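First the structure, in the form of structure tokens, and then the observations on it.
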Amino acid sequence: MTVEARIADPSQGEHDTCTLEAPDECYCSSFVEGASEFAKEGRLDSTYASFLGFDVRRLQRDFGTYVDDLRDMGSASRVRQVGYRDCVFWLVDDGTYVGQSSIRPELGTPYLITYGGHIGYSIRPSHRQRGYGRRILQLTLERCREFGLERALVTCDEDNTPSRRIIEANGGDFESGMLMDDIAARAEGRAGERVRKLRYWFELPTA
Ligand SMILES: CC(C)(COP(=O)(O)OP(=O)(O)OC[C@H]1O[C@@H](n2cnc3c(N)ncnc32)[C@H](O)[C@@H]1OP(=O)(O)O)[C@@H](O)C(=O)NCCC(=O)NCCS
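For the working numbering, add 946 to where a residue sits in the sequence shown, where the first one is 1.
What follows is the structure in structure tokens.
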């Protein structure tokens, strides 16, 4: 079976102009707009900004440092330090920042291997419900092969219907649903909630 046959093509011609790019200072203006949108819905950390110690004002002031920090998250030395690297990409359409995906090739922590998976993604609020979510996962799965992965684990919360649709439209094979333990729920800022993670696998054969 060909690679193309195993990964469904959900784009149906939409967003053919989208590319996944490494974080770069040239996207500062649209990125900061997008980050402000995430901040307004209380999800600035979809960009890892909060994790890296940035709020929107500091992103505007010190964007170069933020981009360097994001790139460091994907460096091989992180695997030795914390057990995994997190390689961030930006979805760009016509020069505009649309969203973020990241690949964690190593799954080097109990959280990642159980609940987090190889891939994360988010689309900035003003650009949702236009098919970009389906497209970003498709492009990110293609990138996984470049990291030597043969299979990719992608997870979503059971109640995250858009994400579930994105995974299923891209051809993910459902494996199981797992109730998050309290430590993992707290790590996601959802202490006390009963969150079930759905786990899906994608086969990523080499051509
Ligand atoms: C989840 C997310 C990436 C979806 O992005 P998006 O660009 O809106 O996704 P798409 O436009 O490709 O939509 C995918 C499907 O979900 C549906 N959908 C999207 N938003 C929806 C909503 N708010 N309510 C109901 N359905 C919705 C779309 O109609 C589409 O359905 P279809 O398969 O029947 O066509 C985006 O909402 C987001 O960034 N959320 C916050 C971060 C997050 O949850 N990330 C995923 C972690 S696993």
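C-beta atoms are modelled at their ideal positions from N, C-alpha and C, and glycine is treated no differently. Treat the numbers as computed from the prediction; the structure is a model and nothing was measured.
In whole angstroms, what separates the C-alpha of ILE1065 from that of ARG1089?
Answer to the nearest angstrom: the Cα atoms are 10 Å apart.
Excluding the 5 residues flanking SER996 on each side, which residues of the same chain have their C-beta closer than 6 Å to its C-beta?
The residues are LEU990.
Using only alpha-carbon positions, find the residue among PHE1009, LEU998 and GLN1006 that is nearest to ALA1032.
The question names Ala, but residue 1032 in the sequence shown is Asp. Comparing C-alpha distances from ASP1032 to each of PHE1009, LEU998 and GLN1006 shows the shortest one belongs to LEU998.
Residues in its own chain within less than 7 Å of SER1122 by CB, not counting five upstream and five downstream?
Correct list, in chain order: ARG1145.
Check whether the region 976–992 touches the region 1002–1009, counting contact only when three or more Cβ pairs, one atom from each stretch, lie closer than 8 Å.
The region 976–992 is in contact with the region 1002–1009.
Under three-state DSSP, which class holds GLN1075?
In the displayed model, GLN1075 falls within coil according to three-state DSSP, outside both helix and strand.
7 Å CB neighbourhood of PRO956 in its chain, flanking five on each side removed
Interpretation of PRO956 is limited by its pLDDT of 48, a score under 50 that renders its predicted location unreliable; no figure is taken from the coordinates.
Span separating the alpha-carbon of ARG1026 from that of GLU983
Distance between the alpha carbons of ARG1026 and GLU983 is about 34 Å.
In three-state DSSP terms, what is GLY1063?
Correct three-state label for GLY1063: strand.
Rounded to the nearest angstrom, what separates THR963 and GLY1045 at their Cα positions?
Taking the straight line from one Cα to the other gives about 14 Å.
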